[in-house]
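*Asks:*
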Amino acid sequence: MGERIQERTRGRKWMKIRARILDRDPVCVRCLEQDRTSLSVIVDHVVPLDHGGTDADDNLRGLCLDCHDAVTRDQFGYRERRAFGPDGLPVDGWS
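My numbering applies: residue 957 is where the sequence shown begins, and numbers increase by one.
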(Lines of atoms letter the chains of each structure in order from A and count residues from 1; the text may use other names and numbers.)
(Lines give C-alpha, C1' and ligand atoms only; values in the text may rest on other atoms or scores of the structure.)
Protein backbone atom coordinates (compact mmCIF):
# COMPACT_ATOMS: atom_id res chain seq x y z
CA MET A 1 0.00 0.00 0.00
CA GLY A 2 1.09 3.53 -0.70
CA GLU A 3 1.29 6.23 1.89
CA ARG A 4 -2.09 7.71 2.67
CA ILE A 5 -2.12 11.42 1.87
CA GLN A 6 -5.66 12.27 2.94
CA GLU A 7 -7.20 11.01 6.15
CA ARG A 8 -10.52 9.21 5.81
CA THR A 9 -13.49 11.59 6.21
CA ARG A 10 -15.91 10.40 8.87
CA GLY A 11 -19.10 11.36 10.66
CA ARG A 12 -21.51 14.04 9.51
CA LYS A 13 -19.09 15.43 6.96
CA TRP A 14 -18.87 12.02 5.22
CA MET A 15 -22.64 11.53 5.41
CA LYS A 16 -23.13 14.84 3.55
CA ILE A 17 -20.58 13.82 0.89
CA ARG A 18 -22.17 10.37 0.60
CA ALA A 19 -25.68 11.81 0.16
CA ARG A 20 -24.44 14.24 -2.51
CA ILE A 21 -22.67 11.51 -4.52
CA LEU A 22 -25.56 9.02 -4.30
CA ASP A 23 -27.91 11.82 -5.38
CA ARG A 24 -25.62 12.55 -8.33
CA ASP A 25 -25.14 8.83 -9.18
CA PRO A 26 -28.39 7.06 -8.20
CA VAL A 27 -27.60 4.21 -10.62
CA CYS A 28 -24.31 2.28 -10.40
CA VAL A 29 -21.79 3.93 -12.72
CA ARG A 30 -20.11 0.64 -13.70
CA CYS A 31 -23.43 -1.10 -14.41
CA LEU A 32 -24.45 1.78 -16.69
CA GLU A 33 -21.23 1.28 -18.67
CA GLN A 34 -22.37 -2.31 -19.29
CA ASP A 35 -25.99 -1.39 -20.16
CA ARG A 36 -27.25 -2.71 -16.81
CA THR A 37 -29.22 -0.90 -14.13
CA SER A 38 -28.47 -1.35 -10.44
CA LEU A 39 -29.08 1.02 -7.56
CA SER A 40 -25.98 2.76 -6.19
CA VAL A 41 -25.62 1.98 -2.49
CA ILE A 42 -21.90 2.61 -1.90
CA VAL A 43 -19.74 5.64 -2.56
CA ASP A 44 -16.48 4.36 -4.04
CA HIS A 45 -13.15 6.15 -4.38
CA VAL A 46 -11.99 5.81 -8.00
CA VAL A 47 -8.42 6.10 -6.71
CA PRO A 48 -8.47 4.66 -3.16
CA LEU A 49 -7.23 6.80 -0.29
CA ASP A 50 -4.53 4.17 0.30
CA HIS A 51 -3.30 4.78 -3.26
CA GLY A 52 -3.22 8.57 -2.96
CA GLY A 53 -6.85 9.37 -3.78
CA THR A 54 -8.96 12.07 -2.16
CA ASP A 55 -12.56 12.68 -1.14
CA ALA A 56 -13.01 15.18 -4.00
CA ASP A 57 -16.26 14.67 -5.91
CA ASP A 58 -14.40 13.84 -9.12
CA ASN A 59 -12.74 10.89 -7.31
CA LEU A 60 -16.04 9.52 -5.97
CA ARG A 61 -18.72 7.48 -7.70
CA GLY A 62 -21.84 5.56 -6.79
CA LEU A 63 -21.63 1.78 -7.15
CA CYS A 64 -23.82 -1.22 -6.39
CA LEU A 65 -22.52 -3.75 -3.88
CA ASP A 66 -21.42 -6.29 -6.53
CA CYS A 67 -19.42 -3.73 -8.53
CA HIS A 68 -17.86 -2.29 -5.38
CA ASP A 69 -16.72 -5.76 -4.28
CA ALA A 70 -15.23 -6.46 -7.73
CA VAL A 71 -13.44 -3.08 -7.89
CA THR A 72 -12.01 -3.52 -4.39
CA ARG A 73 -10.71 -7.01 -5.22
CA ASP A 74 -9.02 -5.65 -8.36
CA GLN A 75 -7.52 -2.58 -6.70
CA PHE A 76 -6.10 -4.42 -3.72
CA GLY A 77 -5.21 -7.74 -5.35
CA TYR A 78 -7.75 -9.90 -3.53
CA ARG A 79 -8.87 -13.15 -5.08
CA GLU A 80 -12.49 -14.20 -5.13
CA ARG A 81 -13.22 -16.81 -2.48
CA ARG A 82 -13.92 -20.30 -3.67
CA ALA A 83 -17.43 -21.58 -2.96
CA PHE A 84 -17.84 -24.96 -1.30
CA GLY A 85 -20.89 -27.22 -1.25
CA PRO A 86 -22.37 -28.98 1.78
CA ASP A 87 -20.11 -31.96 1.04
CA GLY A 88 -17.03 -29.76 1.50
CA LEU A 89 -16.02 -29.92 -2.18
CA PRO A 90 -15.60 -26.80 -4.32
CA VAL A 91 -18.69 -26.02 -6.38
CA ASP A 92 -16.74 -24.66 -9.37
CA GLY A 93 -16.64 -28.03 -11.10
CA TRP A 94 -13.49 -29.34 -9.42
CA SER A 95 -13.65 -33.01 -8.52
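C-beta atoms are modelled at their ideal positions from N, C-alpha and C, and glycine is treated no differently.
Values in this document were obtained by computation on a predicted structure and should not be read as measured data.
#1: What does the alpha-carbon distance come out to for the pair serine 1051 and leucine 1045?
#2: Between which two residues does the alpha helix (DSSP H) carrying histidine 1007 extend?
#3: Could you name the residues of the same chain whose beta carbon sits closer than 7 angstroms to that of threonine 965, not counting the 5 residues immediately before and after it, in chain order?
#4: Applying the 10 Å Cβ sphere with the 16-neighbour rule, what's the burial state of leucine 1019?
#5: Which parts of the stretch 1011-1035 are runs of the beta strand (DSSP E), unbroken and 3 residues or longer, counting only runs that do not cross its ends?
*Replies:* So, to answer that:
#1: In the sequence shown, the residue the question calls residue 1051 occupies position 95. In the sequence shown, the residue the question calls residue 1045 occupies position 89. With a pLDDT of 46 at serine 1051, under the threshold of 50, the modelled position of that residue is not reliable, and the figure given next carries that caveat. In a straight line, the C-alpha of serine 1051 is about 7 angstroms away from that of leucine 1045.
#2: Locating residue 1007 in the sequence shown gives position 51, counting from the first residue. No alpha helix (DSSP H) holds histidine 1007; DSSP gives it neither H nor E.
#3: For the purposes of this step, residue 965 is identified with residue 9 of the sequence shown, where counting begins at 1. Cβ neighbours of threonine 965 beyond the five flanking positions: Ile973 and Asp1011.
#4: Locating residue 1019 in the sequence shown gives position 63, counting from the first residue. If you draw a 10 Å sphere on the C-beta of leucine 1019, you find 16 or more other C-beta atoms in it, and that means buried.
#5: 1016-1019
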